[in-house]
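J.:
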Amino acid sequence: MHRSAASAIIGLEALRANPLRTALSTLGVVIGVASLVAILALGDGLERFTRQQVENTTDLQVITVQPLMVERTADGVFVRRTDVPILGAAEADSLSAATGGRADVTLALTGSSYVAIPGDTARRAALVTGTLPGAEKILPLALAHGRLFTVADLAAGGVAIISPSLAKLLAPSAEASAMVGRAITVDGARYTVVGVLAGAAAGAGRVYVPLDPAALARLGENGREAPTAMLKARRVEDVERVRADAERWLTRRYGPAGGRFTVGSSQRRVAQAKQGILVFKLIMGSITGIAILVGGIGIMNVLLASVAERTREIGIRKAVGARRADIRVQFLAESVAIAGVGSCVGVLLGLSGAFGITAAVRALAKAPIWAAFTWSTPVVAVVAALAVGITFGTYPASRAAGLSPIEAIRHE
Numbered sequence: 019m020h021r022s023a024a025s026a027i028i029g030l031e032a033l034r035a036n037p038l039r040t041a042l043s044t045l046g047v048v049i050g051v052a053s054l055v056a057i058l059a060l061g062d063g064l065e066r067f068t069r070q071q072v073e074n075t076t077d078l079q080v081i082t083v084q085p086l087m088v089e090r091t092a093d094g095v096f097v098r099r100t101d102v103p104i105l106g107a108a109e110a111d112s113l114s115a116a117t118g119g120r121a122d123v124t125l126a127l128t129g130s131s132y133v134a135i136p137g138d139t140a141r142r143a144a145l146v147t148g149t150l151p152g153a154e155k156i157l158p159l160a161l162a163h164g165r166l167f168t169v170a171d172l173a174a175g176g177v178a179i180i181s182p183s184l185a186k187l188l189a190p191s192a193e194a195s196a197m198v199g200r201a202i203t204v205d206g207a208r209y210t211v212v213g214v215l216a217g218a219a220a221g222a223g224r225v226y227v228p229l230d231p232a233a234l235a236r237l238g239e240n241g242r243e244a245p246t247a248m249l250k251a252r253r254v255e256d257v258e259r260v261r262a263d264a265e266r267w268l269t270r271r272y273g274p275a276g277g278r279f280t281v282g283s284s285q286r287r288v289a290q291a292k293q294g295i296l297v298f299k300l301i302m303g304s305i306t307g308i309a310i311l312v313g314g315i316g317i318m319n320v321l322l323a324s325v326a327e328r329t330r331e332i333g334i335r336k337a338v339g340a341r342r343a344d345i346r347v348q349f350l351a352e353s354v355a356i357a358g359v360g361s362c363v364g365v366l367l368g369l370s371g372a373f374g375i376t377a378a379v380r381a382l383a384k385a386p387i388w389a390a391f392t393w394s395t396p397v398v399a400v401v402a403a404l405a406v407g408i409t410f411g412t413y414p415a416s417r418a419a420g421l422s423p424i425e426a427i428r429h430e
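Numbering-wise (this note's numbering), the sequence shown opens with residue 19 and increments by one.
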């Protein structure tokens, strides 16, 4: 152990004695690790941006559980069912628990109604959706003013969120924010506006109300329509599993789901999205592998040149008693030191480059993309650099250790 430590110290002293050669060899590792870190950070950030776009602008991660309102008889005639199951908040909570936290769950029931301000004879047609607190995770309920629904609202009822276009129709001379706190009537039922949707999230003439018994009866036309359960998987990879969870829950609670419910999801589009993400990861992984490989080859070339330059030194060390293992440790210590120092500098340089590149992209393309920093990125980079240092330092070290002392001393 003592001899190995001494050999490692000799190797480190050799690096200090040749600062230019050491700097050049370290530069290869710095570039390789910096490239690795930058690509990992940019890749993580791009993947996060892609996932956000898929989640916010598509329904790929949404699974619907809809009660069947009609059935087809043997004569091919569709008749209205009399045993339609009505999903409520309790069923939504149970369904959410059945997914094991892999999905958000809400209910939605939409109907058309007339909306007016109390005392005003002017009425405006609107689509009215009854839903549950937390629906903003699934439905487009980004707010410009006010607040979202709470659990207390579901119990008490009497509150509503409206679209800015409807706010303008109801109060043309006022700002949309002025509608917060005002009363409206929806087919004669009185509601207090607690929020106004943001323009990008709102359609023309939309009203959202808590799905309490009164709203359920009115929007459901006293049993002619039933709420649809909507599940949004947290990740696109979880869509198929969440769908399976929902189908098992339906079977346990209502018997075979095929006769009373339809379960829908965009399975083909989900498969395409998953394939795209996988291809992206494989390509980025290949690029990172090439980047770190370049640094490793640089280490090997420099150490091979070092062996050639120091052949006489190696011969003298072996002549005075140094073992093959001592020579091997000496050169491996040099390789690991180069890789360690280069990886630390490369991590800092790579992160700086990644954040600088994404800042330029945001400025030029107006795309909300940021480099993603996770602790795994520098850890992977440092471990990869050290592994490459050991791997590519092994051959030069073995070659140095295998030199004949007599031939090495006679080498010019």
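Virtual Cβ for every residue (Gly too), placed ideally from N, Cα, C.
So, using beta-carbon positions, are T149 and V227 closer together than 9 Å?
T.: The residue you call residue 149 lines up with position 131 of the sequence shown. The residue you call residue 227 lines up with position 209 of the sequence shown. Contact: yes.
J.: Could you give the residue range of the beta strand (DSSP E) that holds V146?
T.: Within the sequence shown, numbered from 1, the residue matching residue 146 stands at position 128. Unbroken beta strand (DSSP E) run through V146: 142–149.
J.: Mind checking T392: buried by the 16 CB within 10 Å criterion, or exposed?
T.: Reading the sequence shown from its first residue, position 374 is the one you call residue 392. Flag for T392 reads exposed.
J.: Between the alpha carbons of L86 and L157, how many angstroms are there, rounded?
T.: One-based indexing of the sequence shown puts residue 86 at position 68. One-based indexing of the sequence shown puts residue 157 at position 139. Their backbone Cα atoms lie some 22 Å apart in a straight line.
J.: Roughly how many whole angstroms lie between the Cα atoms of D263 and T44?
T.: Within the sequence shown, the letter at position 245 stands for residue 263. Within the sequence shown, the letter at position 26 stands for residue 44. Rounded to whole angstroms, D263 to T44 spans 53 Å at the Cα level.
J.: Let me make sure I understand the geometry here. Which of I135, A160, G364, E239 has the alpha-carbon closest to that of I104?
T.: Here residue 104 corresponds to residue number 86 of the sequence shown, with the count starting at 1. Per the Cα distances, E239.
J.: Does V48 come out as helix, strand or coil in the three-state DSSP assignment?
T.: Taking the first residue of the sequence shown as 1, we reach residue 48 at position 30. In this structure, V48 counts as helix in the three-state DSSP scheme.
J.: How would you call T280, buried or exposed, if buried means at least 16 neighbouring beta carbons within 10 angstroms?
T.: Looking up residue 280 in the sequence shown gives position 262. With fewer than 16 Cβ atoms within 10 Å of its Cβ, T280 is classed as exposed.
J.: Just how far apart, CA to CA, sit I305 and S361?
T.: The residue you call residue 305 lines up with position 287 of the sequence shown. The residue you call residue 361 lines up with position 343 of the sequence shown. Between I305 and S361, the C-alpha separation is close to 17 Å.
J.: For A178 versus V212, is the C-beta distance shorter than 9 Å?
T.: To locate residue 178, count along the sequence shown from 1; it is residue 160. To locate residue 212, count along the sequence shown from 1; it is residue 194. Yes, the Cβ-Cβ distance between A178 and V212 is below 9 Å.
J.: Out of L369, L184, L145, point me to the one whose CA is closest to R236's CA.
T.: The residue labelled residue 236 in the question sits at position 218 within the sequence shown. The shortest Cα separation from R236 among L369, L184, L145 belongs to L145.
J.: Can you tell me which of R342, Q290, I180, R341 puts its alpha carbon nearest to the alpha carbon of A134?
T.: On the sequence shown, position 116 is the one that residue 134 refers to. Closest in C-alpha terms to A134, from the list R342, Q290, I180, R341, comes I180.
J.: Would you report the Cα separation of A244 and L127, rounded to the nearest angstrom?
T.: As a first step, residue 244 must be located in the sequence shown, where it is residue number 226. As a first step, residue 127 must be located in the sequence shown, where it is residue number 109. Between A244 and L127, the C-alpha separation is close to 7 Å.
J.: With DSSP as the reference, label Q84 as helix, strand or coil.
T.: Along the sequence shown, one-based indexing puts residue 84 at 66. Strand at Q84.
J.: Specify the secondary structure class of P228 as computed by DSSP and reduced to three states.
T.: Taking the sequence shown and counting its residues from 1, the one referred to as residue 228 is at position 210. Correct three-state label for P228: strand.
J.: Quick check: what's the CA-CA separation for E109 versus K155?
T.: Within the sequence shown, numbered from 1, the residue matching residue 109 stands at position 91. Within the sequence shown, numbered from 1, the residue matching residue 155 stands at position 137. Each residue's Cα considered, the two are about 18 Å apart.
J.: What did DSSP end up calling R99 once you bin it into helix, strand or coil?
T.: Numbered from 1 along the sequence shown, position 81 holds the residue referred to as residue 99. If DSSP states are grouped into helix, strand and coil, R99 belongs with coil.
J.: Answer with buried or exposed for Q348, where buried requires no fewer than 16 other C-beta atoms within 10 angstroms of its C-beta.
T.: Locating residue 348 in the sequence shown gives position 330, where the first residue counts as 1. Q348 comes out buried.
J.: Are the Cβ atoms of E265 and K292 separated by less than 9 Å?
T.: Counting from one through the sequence shown, the residue named residue 265 turns up at place 247. Counting from one through the sequence shown, the residue named residue 292 turns up at place 274. In this structure, E265 sits away from K292, with a CB-CB distance that is not shorter than 9 Å.
J.: Do you know how far the Cα of A52 is from the Cα of L367?
T.: Taking the sequence shown and counting its residues from 1, the one referred to as residue 367 is at position 349. Taking the sequence shown and counting its residues from 1, the one referred to as residue 52 is at position 34. Cα to Cα, the separation comes out at about 6 Å.
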